[in-house]
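Scroll down for the structure; my scribbles are underneath it.
There are 2 protein chains.
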Amino acid sequence: MANFMSICTMRNLLVLSLALNLSLIMRVFYEGEKHGPRGFSAQKADRALEKAAHATQRTLVSLSSSGQDDGEKLINLDHGDPTMYESYWQQMGEKTTVVIPGWQSMSYFSDVKNPCWFLEPEFAKQVVRLHNLVGNAVTEGRQIVVGTGSSQLFLAALYALAPKDASEPISVISAAPFYSSYPSMTDYLKSGLYKWAGDARSFDKEGPYIELVTSPNNPDGFVRHSMVNRTGGILVHDLAYYWPQYTPISSAADHDLTLFTVSKATGHAGTRIGWALVKDPEVAKKMIKFIELSTIGVSRDSQLRAARILEVIINSSQNPGGPESGESFFKISYHFMAERWQLLREAVNKGRFFSLPDFQQGFCQFLNQLSHGSNVKTKAWKIAKAYSEVIRF
Amino acid sequence: MANFMSICTMRNLLVLSLALNLSLIMRVFYEGEKHGPRGFSAQKADRALEKAAHATQRTLVSLSSSGQDDGEKLINLDHGDPTMYESYWQQMGEKTTVVIPGWQSMSYFSDVKNPCWFLEPEFAKQVVRLHNLVGNAVTEGRQIVVGTGSSQLFLAALYALAPKDASEPISVISAAPFYSSYPSMTDYLKSGLYKWAGDARSFDKEGPYIELVTSPNNPDGFVRHSMVNRTGGILVHDLAYYWPQYTPISSAADHDLTLFTVSKATGHAGTRIGWALVKDPEVAKKMIKFIELSTIGVSRDSQLRAARILEVIINSSQNPGGPESGESFFKISYHFMAERWQLLREAVNKGRFFSLPDFQQGFCQFLNQLSHGSNVKTKAWKIAKAYSEVIRF
Numbered sequence: 001m002a003n004f005m006s007i008c009t010m011r012n013l014l015v016l017s018l019a020l021n022l023s024l025i026m027r028v029f030y031e032g033e034k035h036g037p038r039g040f041s042a043q044k045a046d047r048a049l050e051k052a053a054h055a056t057q058r059t060l061v062s063l064s065s066s067g068q069d070d071g072e073k074l075i076n077l078d079h080g081d082p083t084m085y086e087s088y089w090q091q092m093g094e095k096t097t098v099v100i101p102g103w104q105s106m107s108y109f110s111d112v113k114n115p116c117w118f119l120e121p122e123f124a125k126q127v128v129r130l131h132n133l134v135g136n137a138v139t140e141g142r143q144i145v146v147g148t149g150s151s152q153l154f155l156a157a158l159y160a161l162a163p164k165d166a167s168e169p170i171s172v173i174s175a176a177p178f179y180s181s182y183p184s185m186t187d188y189l190k191s192g193l194y195k196w197a198g199d200a201r202s203f204d205k206e207g208p209y210i211e212l213v214t215s216p217n218n219p220d221g222f223v224r225h226s227m228v229n230r231t232g233g234i235l236v237h238d239l240a241y242y243w244p245q246y247t248p249i250s251s252a253a254d255h256d257l258t259l260f261t262v263s264k265a266t267g268h269a270g271t272r273i274g275w276a277l278v279k280d281p282e283v284a285k286k287m288i289k290f291i292e293l294s295t296i297g298v299s300r301d302s303q304l305r306a307a308r309i310l311e312v313i314i315n316s317s318q319n320p321g322g323p324e325s326g327e328s329f330f331k332i333s334y335h336f337m338a339e340r341w342q343l344l345r346e347a348v349n350k351g352r353f354f355s356l357p358d359f360q361q362g363f364c365q366f367l368n369q370l371s372h373g374s375n376v377k378t379k380a381w382k383i384a385k386a387y388s389e390v391i392r393f
Numbered sequence: 001m002a003n004f005m006s007i008c009t010m011r012n013l014l015v016l017s018l019a020l021n022l023s024l025i026m027r028v029f030y031e032g033e034k035h036g037p038r039g040f041s042a043q044k045a046d047r048a049l050e051k052a053a054h055a056t057q058r059t060l061v062s063l064s065s066s067g068q069d070d071g072e073k074l075i076n077l078d079h080g081d082p083t084m085y086e087s088y089w090q091q092m093g094e095k096t097t098v099v100i101p102g103w104q105s106m107s108y109f110s111d112v113k114n115p116c117w118f119l120e121p122e123f124a125k126q127v128v129r130l131h132n133l134v135g136n137a138v139t140e141g142r143q144i145v146v147g148t149g150s151s152q153l154f155l156a157a158l159y160a161l162a163p164k165d166a167s168e169p170i171s172v173i174s175a176a177p178f179y180s181s182y183p184s185m186t187d188y189l190k191s192g193l194y195k196w197a198g199d200a201r202s203f204d205k206e207g208p209y210i211e212l213v214t215s216p217n218n219p220d221g222f223v224r225h226s227m228v229n230r231t232g233g234i235l236v237h238d239l240a241y242y243w244p245q246y247t248p249i250s251s252a253a254d255h256d257l258t259l260f261t262v263s264k265a266t267g268h269a270g271t272r273i274g275w276a277l278v279k280d281p282e283v284a285k286k287m288i289k290f291i292e293l294s295t296i297g298v299s300r301d302s303q304l305r306a307a308r309i310l311e312v313i314i315n316s317s318q319n320p321g322g323p324e325s326g327e328s329f330f331k332i333s334y335h336f337m338a339e340r341w342q343l344l345r346e347a348v349n350k351g352r353f354f355s356l357p358d359f360q361q362g363f364c365q366f367l368n369q370l371s372h373g374s375n376v377k378t379k380a381w382k383i384a385k386a387y388s389e390v391i392r393f
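Chains as they are written, first to last, in the UniProt record's numbering: chain S, 1 to 393; chain P, 1 to 393.
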């Protein structure tokens with residue numbers, strides 16, 4: 001009991017210290033460079049923390065306008081949301097707009113000749129063009145499978161790769177630290193096909209397994225490779241962040257099953273569009289079956305919108321600064337992320353309890369320059385998330 | 001063996017006869033009233049059947065334009081697709097169009113104040129208006145949960161209603177004939193939470209169960225009520241076809257958990273938007289959690305489009321024939337379905353192997369008239385589907 005109390009006291013102290021750090025970071029983020037970080041007190045930080053706990057789990061809450069909070073600003077750190085890209089898309093104007101008349105795309109079917117019958121041909125075309133341009137993934141000899149975000153494709157992959165008549169569910173693993181939703185997404189339906197088996201580093205069970213390789217990794221931003229290399233291992237590569245604004249593009253990924261999502265590539269999280277590049281047609285067929293059974297296809301409206309967005313990005317990269325094409329999306333985003341990361345780094349350096357990893361620079365084939373070898377955006381928001389989790393214990 | 005052979009011969013004969021019927025129906029559907037049904041031969045019908053078997057599983061295939069098929073027309077009967085509504089939406093013109101600029105709806109979140117944080121407020125508003133206008137469902141005291149089609153909501157309901165710590169999965173049942181995808185949708189992930197247990201009429205297992213009540217029923221079009229009334233029973237009402245064009249609206253449905261879908265209500269299958277009306281906030285919360293875990297929300301673009309479509313339907317019903325509102329969607333659709341149903345009935349009556357059920361007329365509160373008490377469209381396509389299944393054995 002005494003031990004428990006001493007832990008509690010230590011934790012209370014830690015909460016207080018974290019609150020101070022948090023408050024400082026909030027101020028840096030919100031007051032901006034113009035005013036610089038202002039003074040703060042432990043009481044203020046405590047109040048900020050209390051308010052944050054009561055705020056909705058999902059939003060970026062700014063209380064300063066209410067005039068009741070001594071000018072404090074609160075960030076809810078539970079979730080990321082790529083709204084920072086909005087300003088770019090606003091600047092790009094009408095060329096990004098989609099117009100959908102009431103009689104279009106009424107059918108369930110987008111392309112009856114494609115095994116993935118719910119894949120919009122225009123979206124598929126732009127996905128191939130974008131990968132060819134950026135050089136981040138091989139599309140040749142791959143079936144594109146579109147999904148309602150990459151979450152659905154992750155589940156579709158588990159379904160497709162798990163043996164259907166095994167005596168026990170196949171183990172699903174990933175090297176820690178891993179995307180915090182992997183365990184619950186894998187286990188929420190208590191499937192008899194697959195089961196979360198934790199950290200790939202300590203995985204020693206015999207038999208087949210599925211290893212999730214997220215690179216750059218969520219949450220820590222490091223480039224990742226498979227950790228377990230055993231017979232019967234099947235790899236799923238989640239390359240959601242393998243874009244020039246987050247990490248240097250070193251080569252075209254050439255894996256069996258690779259996941260991407262519009263949310264992270266362009267910031268359009270609300271469209272819920274992801275795609276998988278799948279080498280084995282039989283695996284692709286099973287993923288397609290999964291999407292048939294779970295949602296009978298994928299929003300055609302969102303696919304059409306995503307196609308337009310990708311096309312605009314391609315044009316902006318091919319003819320940057322042109323009157324029709326606008327500023328290069330990847331270049332602008334890269335600089336924007338670097339700036340944010342620097343702000344975070346400055347803020348964290350002023351505290352005592354946290355440090356940020358240093359990433360080596362790498363040569364980006366796409367940007368044709370040495371670029372920060374860091375998953376800038378991810379880390380900015382994921383480290384913030386880590387703060388939040390520590391605070392909540 | 002002899003017995004097997006005689007069954008085979010009987011089956012071959014049946015195939016031939018069915019082919020004749022099928023060919024006739026195709027002709028009636030495709031040649032239309034203008035030319036009337038033309039003569040046909042068993043050989044032609046056989047060829048038509050063979051071609052149908054080779055045609056894609058998912059499309060309505062017309063071969064007449066190729067000039068290589070003696071003017072035959074083929075229908076693939078595996079799947080329905082509500083493209084027949086296209087002509088109405090074309091006539092409605094620009095008022096049905098949605099315009100989505102590139103910077104809109106980028107965030108994951110549609111409404112952070114709503115427990116269903118991915119529900120577009122405008123879509124929710126039009127859903128309530130439409131139900132109030134049509135009088136087919138009580139919306140008061142219900143949480144609206146939007147889904148990627150009603151399929152996702154069906155799965156979300158199973159997840160929400162199944163006990164999480166039971167010793168065995170809860171039984172999921174429905175009275176035969178039931179929607180043909182129910183068993184595979186329930187069992188494809190071998191969930192430990194729920195399990196398909198077949199026909200509700202013969203269900204005699206003790207303990208809790210989930211009964212799916214589809215009304216009007218898919219595939220037979222009859223109005224349905226719960227078949228099993230035992231302690232521990234939980235009902236899910238799938239009212240996808242409870243709209244004036246399919247069945248008389250007798251009263252506002254007032255159930256615990258009711259599913260609807262835009263696909264059947266308006267014909268916009270490609271938008272993949274459905275909604276649930278849920279009485280118990282805790283059940284709604286679990287359904288929302290399911291959608292978070294499976295797709296992190298629902299396409300905002302499609303919700304915005306669906307909201308516009310529903311708004312146009314409401315206007316067309318409130319001010320039918322007005323210069324701004326256009327012809328009443330439900331009235332036009334009702335007559336269109338009745339006409340199709342009559343064509344099918346005439347065709348089937350000319351054959352010998354099939355009959356169609358007669359439905360009593362009922363008073364439709366919405367159309368304010370006696371209307372055909374039949375789920376006209378559903379049956380037209382589902383009976384065709386039954387043909388297909390018999391032919392395939």
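Glycine included, every Cβ here is placed at the ideal spot set by N, Cα and C.
Minimum Cβ-Cβ distance from residue i to chain S less than 8 angstroms
i: residue 236 of chain P; result: no
i: residue 214 of chain P; result: no
i: residue 282 of chain P; result: no
i: residue 265 of chain P; result: no
i: residue 231 of chain P; result: no
i: residue 165 of chain P; result: no
i: residue 208 of chain P; result: no
i: residue 271 of chain P; result: yes
i: residue 227 of chain P; result: no
i: residue 296 of chain P; result: yes
i: residue 175 of chain P; result: no
Paired residues, beta bridge with residue i - DSSP
i: residue 260 of chain S; result: S:275
i: residue 199 of chain S; result: S:174
i: residue 211 of chain P; result: P:173 and P:235
i: residue 370 of chain P; result: P:363
i: residue 148 of chain S; result: S:273
Alpha-carbon to alpha-carbon, residue j and residue i
i: residue 195 of chain S; j: residue 223 of chain P; result: 41 angstroms
i: residue 318 of chain S; j: residue 154 of chain P; result: 45 angstroms
i: residue 297 of chain P; j: residue 146 of chain P; result: 9 angstroms
i: residue 151 of chain S; j: residue 239 of chain S; result: 12 angstroms
i: residue 157 of chain S; j: residue 340 of chain S; result: 34 angstroms
i: residue 136 of chain P; j: residue 363 of chain P; result: 13 angstroms
i: residue 331 of chain S; j: residue 132 of chain S; result: 17 angstroms
i: residue 409 of chain P; j: residue 198 of chain S; result: Limits of chain P in this structure are 1 at one end and 393 at the other, which puts residue 409 of chain P out of reach.
i: residue 329 of chain P; j: residue 313 of chain P; result: 6 angstroms
i: residue 113 of chain S; j: residue 104 of chain S; result: 19 angstroms
i: residue 291 of chain P; j: residue 110 of chain S; result: 24 angstroms
i: residue 405 of chain S; j: residue 352 of chain S; result: Not covered by the structure: residue 405 of chain S. The range shown for chain S is 1 to 393.
i: residue 173 of chain S; j: residue 218 of chain S; result: 14 angstroms
i: residue 295 of chain S; j: residue 159 of chain S; result: 14 angstroms
i: residue 276 of chain S; j: residue 304 of chain S; result: 17 angstroms
Under 7 angstroms from the C-beta of residue i: neighbouring residues of chain A
i: residue 245 of chain S; result: Of the chains in the structure shown, none is chain A; the protein chains are S and P.
Within-8 angstroms CB hit, residue i to chain P
i: residue 100 of chain S; result: yes
i: residue 337 of chain S; result: no
i: residue 318 of chain S; result: no
i: residue 332 of chain S; result: no
i: residue 293 of chain S; result: yes
i: residue 342 of chain S; result: no
Rounded Cβ spacing between residue i and residue j (contact assumed at less than 8 angstroms)
i: residue 191 of chain P; j: residue 169 of chain P; result: 6 angstroms
i: residue 234 of chain P; j: residue 189 of chain P; result: Contact flag wrong, Cβ pair sits at about 20 angstroms.
i: residue 270 of chain S; j: residue 107 of chain P; result: 6 angstroms
Please name the residues in the stretch 299-316 of chain S whose beta-carbon is closer than 8 angstroms to at least one beta-carbon of chain P, in chain order. Answer in chain order: 299, 300, 301, 302, 305, 308, 309 and 312.
Taking Cβ-Cβ distances below 7 angstroms as the criterion, which residues of the stretch 117-151 of chain S are in contact with chain P? Answer in chain order: 117, 148, 149 and 151.
If the cut-off is 8 angstroms on Cβ atoms, which residues from the stretch 184-201 of chain P count as contacting chain S, listed in chain order? Within the stretch 184-201 of chain P, the qualifying residues are 184, 185, 188, 189, 190, 191, 192 and 193.
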